[in-house]
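In the order they appear, the protein sequences are chains A and B. Just so you know, the first sequence maps onto residues 1 to 276 in this note's numbering. Just so you know, the second sequence maps onto residues 1001 to 1243 in this note's numbering.
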Amino acid sequence: MPETIPHFTGFGLGLRKDHHADFLRDEQPVDFVEIISENFMACGGRPLRTLDAVRERQPVIMHGVSMSLGSPMGLDRSYLAELKVLADRVRPLWVSDHLCWTGLPGHNSHDLLPLPYTDEALNTCIANLKLAQDVLERPLLVENPSSYQAFQQSTRSEWEFLRLLAQESGCYLLLDVNNVFVSSVNHGFDPLEFLDSIPRDRVRQIHLAGHSQGPEGMLIDTHDAPVCAEVWELYAHAVARFGPCATMIERDDAVPPLADLLAELDLARVAASVPA
Amino acid sequence: MSLIDTQQAFLAEVCADDETAPSTLGMAIYRNAYRARLADALAVSFERTRRWVGEAMFDAACAHYILTRPPQTWTLDAYGHDFPGLLAELFADDPEVTELAWMEWQMQQAFAAPDRGELTPLTLAGAGLDEADWAGLRLLPAAGIAYRPMTHDLAALWRALAHDLPDGFMPDPVTEAIMVIWRKDLQPHYRLIGHAEFAALALLLDGASFGSVAEQVGETGLAQLGEWFAGWLGDGMFSAIAR
């Protein structure tokens, strides 16, 4: 298994149904596209044909939401097998998923549920991640999710958990700056402390997104709005710390015309070029 | 508390009904997100059914489904699999509701079903089959093929729901009609066919040889079988010759 993922620098967008026709019709000014892996697993027909056509023009990143790295019951082998089939077909820049669990055997929540940051959870994630990396024959990227619930039994911070996970499993990190901000507001930590504790050499990708206001001051990671000013500031800080890496904007709800997202992506290009 | 115990308690709270208040604001957010995500998935999968029964009835059915049928697999696309079955219970006196939901579900399944080839009249003609080959000919079904009996003209209802539904529209009752759905040229297709035609088609779809189907229809039915077969082939209901 290759143990390293080379740096890839550029700016991209998620490939969403609303924009399939745009990507099929013209070459778009992006350096890569990111797909939700599950949307193309175990399927055929037009979705897979669209993906095949797009990946002839653009490098593709596979981003998953269902691996459930924090599951103490282990990973779903049939899921891993389907993911491997897709990765072999797509030949992505890399494959990523989240630091979370999604459910229990026979009951999938289809949400990125939070983990207690304990030794048991860390060992569980490390074991699952090693298995996934062995099956997929590549190191993975793990993303920090937004969270709305903390656990009393946690013995370390999220950023310390991520640092140890990367150190022990050999994985890389997908840093979602919006999620750092959302969780920092929800749990009352300093987002800069989070960023400054993440090892410089493990980040290969950055996600940017919008969020919405929840009840009683909580923020919710809804991906339905433009990136806010605070997240742009954190992004500039992240670029200064981690150097240029693949950056993309996620929009999954209230999806605007592609031109609007491309204009927002230009803001990321500007932010990445200005010294923090 | 072990990780598995923590997760079992967490998931139980996320999925609980409204009689159990969430213990924290965060848990309320996860519970709301869980319900909203599943309801959205059903609304997308059954958009025409939703318009047919009305939003209020549909949303009530969704709420019941979400509480009683948790998602079981890693793909959210599979979540609506049992929804037509629930509608059959809730709308027992309106069978066209279940038939519409089934059709909507199968059209989407056909759209993204794993790829198979497509057997065209040209490729079959080019196979150079002699009389013995025809007798033993077995065919593989097209991607996403599915079928079920209908009590109403769902083809007409489907077309009507593609646009603004005319006031008072109601599909005509039908007898001995079977809806067949499959994918051709990347698009899902449907056809409502009669019982006699379906009986012959079903034999081929189940793997019977062309010769045995010909025996079933008898000498007097051969011309009709030939006509049907040309139609099935032209419609793209088969993917390949079975080897």
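Heads up, the beta-carbon is just placed ideally off N, CA and C, and yes, glycines get one too.
Option in the options with minimal Cα separation from residue i
i, options, result
"Pro59 of chain A", "A:Arg91, A:Asp134 and A:Phe40", "A:Arg91"
"Arg138 of chain A", "A:Asn179, A:Asp31, A:Lys84 and A:Thr118", "A:Lys84"
"Leu115 of chain A", "B:Leu1003, B:Gly1231, B:Ala1242 and B:Phe1229", "B:Leu1003"
"Ala21 of chain A", "A:Leu51, A:Thr9, A:Gly44 and A:Leu195", "A:Leu51"
"Leu1139 of chain B", "B:Asn1032, B:Arg1037 and B:Phe1238", "B:Phe1238"
"Glu216 of chain A", "A:Leu267, A:Leu93 and A:His187", "A:His187"
"Arg242 of chain A", "A:Arg202, A:Ala254 and A:Val274", "According to the sequence displayed, residue 242 of chain A carries Phe and not Arg. It is A:Arg202."
"Glu278 of chain A", "B:Ala1113, B:Ser1045, B:Pro1070 and B:Thr1075", "The requested residue 278 of chain A is not part of the displayed model; chain A covers only 1 to 276."
"Ser68 of chain A", "B:Trp1182, B:Met1179 and B:Gln1007", "B:Gln1007"
"Met41 of chain A", "A:Arg57, A:Ser78, A:Ala259 and A:His98", "A:Ser78"
"Ile1178 of chain B", "B:Leu1161, B:Ala1156 and B:Tyr1147", "B:Tyr1147"
"His1189 of chain B", "B:Ala1142, B:Ala1240, B:Leu1129 and B:Val1213", "B:Ala1142"
"Gln133 of chain A", "A:Asp97, A:Arg163 and A:Tyr117", "A:Asp97"
"Val1069 of chain B", "B:Asp1133, B:Leu1225 and B:Asp1017", "A small fix is needed here, since residue 1069 of chain B is Arg in this sequence, not Val. Out of B:Asp1133, B:Leu1225 and B:Asp1017, B:Asp1017 has the C-alpha closest to the C-alpha of Arg1069 of chain B."
"Asp1077 of chain B", "B:Gly1221, B:Glu1096, B:Phe1091 and B:Ala1039", "B:Ala1039"
"Gln205 of chain A", "A:Leu175, A:Leu265 and A:Thr102", "A:Leu175"
"His7 of chain A", "A:Glu264, A:Pro105, A:Leu93 and A:Leu136", "A:Leu93"
"Val65 of chain A", "B:Thr1073, B:Met1001 and B:Ala1060", "B:Thr1073"
"Ala1240 of chain B", "B:Leu1192, B:Thr1220 and B:Leu1137", "B:Leu1137"
"Leu173 of chain A", "A:Leu24, A:Cys245, A:Asp31 and A:Glu56", "A:Cys245"
Range covered by the alpha helix (DSSP H) that runs through residue i
i, result
"Ala1041 of chain B", "Leu1025 to Ser1045"
"Asp1133 of chain B", "Glu1131 to Gly1136"
"Ala1143 of chain B", "Looking at the DSSP string, Ala1143 of chain B is not in any alpha helix (DSSP H), and its letter there is neither H nor E."
"Met1057 of chain B", "Glu1055 to Thr1068"
"Gly1234 of chain B", "Leu1222 to Asp1235"
"Ala1012 of chain B", "Leu1003 to Val1014"
"Asp1172 of chain B", "First-last for Asp1172 of chain B: undefined, no H or E at that position."
"Asp196 of chain A", "Pro191 to Ser197"
"Val270 of chain A", "Leu258 to Ser273"
N-terminal and C-terminal residue of the beta strand (DSSP E) that residue i is part of
i, result
"Ala1146 of chain B", "Ala1146 to His1152"
"Phe242 of chain A", "Run containing Phe242 of chain A: none in the beta strand (DSSP E); it sits in the alpha helix (DSSP H), Ala229 to Phe242."
"Glu38 of chain A", "Run containing Glu38 of chain A: none; DSSP gives neither H nor E here."
"Gln1216 of chain B", "Note, Gln1216 of chain B: premise wrong, no beta strand (DSSP E); alpha helix (DSSP H) at Phe1210 to Val1217."
"His1195 of chain B", "Careful: His1195 of chain B lies outside any beta strand (DSSP E), inside the alpha helix (DSSP H) at His1195 to Leu1205."
"His284 of chain A", "One cannot answer for residue 284 of chain A here, as it falls past the ends of chain A, which runs 1 to 276."
"Ala246 of chain A", "Ala246 to Glu250"
"Ser66 of chain A", "Taken as a continuous stretch (DSSP letters only), Ser66 of chain A belongs to no beta strand (DSSP E), as it is neither H nor E."
Whether or not the region 58-72 of chain A and the region 1164-1173 of chain B are in contact is what I'm after, with contact meaning three or more pairs of Cβ atoms, one per stretch, closer than 8 Å; do they touch? Contact fails: fewer than three Cβ-Cβ distances are below 8 Å.
Give, in chain order, every residue of the region 69-95 of chain A whose Cβ lies closer than 9 Å to some Cβ of chain B. Residues Gly70, Ser71, Pro72, Met73, Asp76, Ser78, Tyr79 and Glu82.
Can at least three beta-carbon pairs, one atom from the region 1063-1077 of chain B and one from the region 1118-1127 of chain B, be found at a separation below 8 Å? No, the region 1063-1077 of chain B does not touch the region 1118-1127 of chain B.
Using a Cβ-Cβ cut-off of less than 9 Å, give me the residues of the region 1063-1084 of chain B that come near chain A, in sequence order. Pro1070, Pro1071, Gln1072, Thr1073, Trp1074, Thr1075, Leu1076, Asp1077 and Tyr1079: these are the residues of the region 1063-1084 of chain B whose beta carbon lies less than 9 Å from some beta carbon of chain A, given in chain order.
Name, going along the chain, the residues of the region 1139-1170 of chain B whose beta-carbon falls closer than 9 Å to a beta-carbon of chain A. Listed by position along the chain: Ala1143 and Gly1144.
Evaluate the contact criterion for the region 229-249 of chain A versus the region 149-163 of chain A: three or more CB pairs, one atom per stretch, below 8 Å. Taking a cut-off of 8 Å for Cβ pairs, the region 229-249 of chain A and the region 149-163 of chain A do not touch, as fewer than three such pairs fall below it.
Determine which residues of the region 1198-1217 of chain B have a Cβ less than 9 Å from any Cβ of chain A, and write them out in chain order. So nothing in the stretch comes that close.
For the region 1099-1135 of chain B, which segments carrying the alpha helix (DSSP H) assignment without a break, of at least 4 residues, lie completely within its bounds, in sequence order? Counting only runs of 4 or more, we get 1121-1125.
Inside the region 76-113 of chain A only - alpha helix (DSSP H) runs reaching at least 4 residues: Qualifying alpha helix (DSSP H) stretches, in chain order: 77-90.
Listed from N- to C-terminal order along the chain, which residues in the region 213-230 of chain A have their beta-carbon within a distance smaller than 8 Å of any beta-carbon of chain B? The region 213-230 of chain A vs chain B, Cβ under 8 Å: Gly214, Pro215, Glu216, Met218 and Ile220.
Quick check for students: name the residue ranges of the beta strand (DSSP E) that lie wholly in the region 128-167 of chain A, counting only runs of 3 or more. Counting only runs of 3 or more, we get 141-143.
Short-range partners of chain D found in the region 1014-1034 of chain B, where Cβ spacing is below 7 Å: No chain D is present in this structure, whose protein chains are A and B.
Along the region 1083-1117 of chain B, what residues have a CB closer than 7 Å to any CB found in chain A? Those would be Phe1111, Ala1112, Ala1113, Pro1114 and Asp1115, in chain order.
Looking at chain B, which residues of the region 141-162 of chain A have a Cβ within less than 8 Å of any of its Cβ atoms? Of all residues in the region 141-162 of chain A, Ser147, Tyr148, Gln149, Ala150, Phe151 and Gln153 have a Cβ within less than 8 Å of some Cβ in chain B.
Which residues, in order along the region 100-115 of chain A, keep a beta-carbon less than 7 Å from a beta-carbon of chain B? Result list: Trp101, Gly103, Leu104, Gly106, His107, Asn108, Ser109, His110, Asp111 and Leu113.
Quick check: the region 249-266 of chain A against the region 204-215 of chain A, are at least 3 beta-carbon pairs closer than 8 Å? Yes: the two stretches touch, three or more of their Cβ pairs being nearer than 8 Å.
Tell me, please, whether the region 190-200 of chain A touches the region 110-130 of chain A by the rule of three or more beta-carbon pairs shorter than 8 Å. The region 190-200 of chain A vs the region 110-130 of chain A: no contact.
contact_flag[the region 29-36 of chain A, the region 11-18 of chain A] where n(CB pairs < 8 Å) is 3 or more: By the Cβ test, the region 29-36 of chain A is in contact with the region 11-18 of chain A, since at least three Cβ pairs between them sit closer than 8 Å.
Three or more C-beta pairs below 8 Å linking the region 1181-1200 of chain B and the region 1108-1118 of chain B: With a cut-off of 8 Å, the region 1108-1118 of chain B and the region 1181-1200 of chain B count as touching, because enough Cβ pairs lie within range.
I'd like to know if the region 162-180 of chain A and the region 143-151 of chain A are in contact, where contact means that at least 3 CB-CB pairs between them fall below 8 Å. In the pairwise beta carbon analysis, the region 162-180 of chain A is classified as touching the region 143-151 of chain A: at least three pairs are separated by under 8 Å.
Cβ contact (3+ pairs, closer than 8 Å) linking the region 1209-1221 of chain B and the region 1148-1162 of chain B: Contact fails: fewer than three Cβ-Cβ distances are below 8 Å.
Cβ contact (3+ pairs, closer than 8 Å) linking the region 1043-1055 of chain B and the region 1093-1110 of chain B: Remark: three or more beta-carbon pairs, one from each stretch, lie closer than 8 Å, so the region 1043-1055 of chain B and the region 1093-1110 of chain B are flagged as touching.
What are the residues of the region 49-62 of chain A that lie near chain B, defined by any Cβ-Cβ distance shorter than 9 Å? Hits within the stretch, in order: Arg49.
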